[in-house]
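If you count by my numbering, then the sequence shown holds residues 402 to 540, one letter each, in order.
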Amino acid sequence: MSADLFCEIASGERPAFVVHADDVAVAFLDARPVFKGHVLVVPRAHVETLADLEEVGPFFERVQAAARAVEEGLGADGTFVAMNNRISQSVPHLHVHVVPRHRKDGLRGFFWPRVKYASEEEAQEYATRIGTSWKSPSG
402 MSADLFCEIA SGERPAFVVH ADDVAVAFLD ARPVFKGHVL VVPRAHVETL
452 ADLEEVGPFF ERVQAAARAV EEGLGADGTF VAMNNRISQS VPHLHVHVVP
502 RHRKDGLRGF FWPRVKYASE EEAQEYATRI GTSWKSPSG
């Protein structure tokens with residue numbers, strides 16, 4: 402396994418506000434969210450790009466579950482789901498952004514303003530709200 406920030410989070414070596422973890426993927430709050438509740442979903446195993454991902458279906462089932470959990474847990478009107486593939490990939494580990502959206506929230510095009518959580522307690526509250534709304538792909 403290559404040593405990168407997301408591998409460290411997936412292995413538990415680095416702390417993060419994890420909303421879900423299983424043998425396929427780990428989902429956690431983005432440290433620099435577009436909006437509060439912005440989740441990153443990463444394969445547990447080190448994979449740099451979508452072309453390198455062998456088990457596409459199970460991984461994207463977790464992305465789908467994350468989108469549902471963000472909407473349900475935060476009362477979001479929808480989500481913005483995105484992935485960079487090499488270019489603009491801040492960490493060389495495949496990751497999918499699941500960003501909560503609300504009508505007229507101000508997000509336009511590909512300009513991604515960033516916000517901060519007021520405290521670790523606030524971040525944990527968001528992680529808990531999303532995590533308790535998570536439904537595994539099998540049910």
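All C-beta atoms, glycine included, are put in the ideal place defined by N, C-alpha and C.
Each residue's CA atom was taken as its position, placing Cys408 and Ser489 some 18 Å apart. Distance from the CA atom of Val425 to the CA atom of His498, rounded to whole angstroms, is 16 Å. One thing to note: Ala428 has its Cβ no nearer than 8 Å to the Cβ of Val435.
Counting of Cβ neighbours within 10 angstroms places Thr480 among the buried residues, the total reaching 16 or more. A contact between stretches requires three or more CB pairs, one per stretch, nearer than 8 Å, and the region 448-460 fails this requirement with the region 510-529.
In this chain, the beta strand (DSSP E) harbouring Phe481 covers Gly479 to Ala483. In this structure, Ala519 sits away from Pro501, with a CB-CB distance that is not shorter than 8 Å.
For Ala468, the closest alpha carbon among the candidates Val457, Val442, Asp423 and Pro493 is that of Val442.
For the set Asp405, Gly413, Ala432 and Asn486, the Cα lying nearest the Cα of His447 is the one of Asp405. In the DSSP annotation of this structure, the continuous segment of the alpha helix (DSSP H) that includes Ala466 starts and ends at Val457 to Leu475. In this structure, Val464 sits near Val482, with a CB-CB distance shorter than 8 Å.
A direct Cα-Cα distance of roughly 6 Å separates Leu430 from His439. Beta-carbon to beta-carbon, Ser537 and Ala470 are separated by about 10 Å, too far to satisfy the 8 Å threshold.
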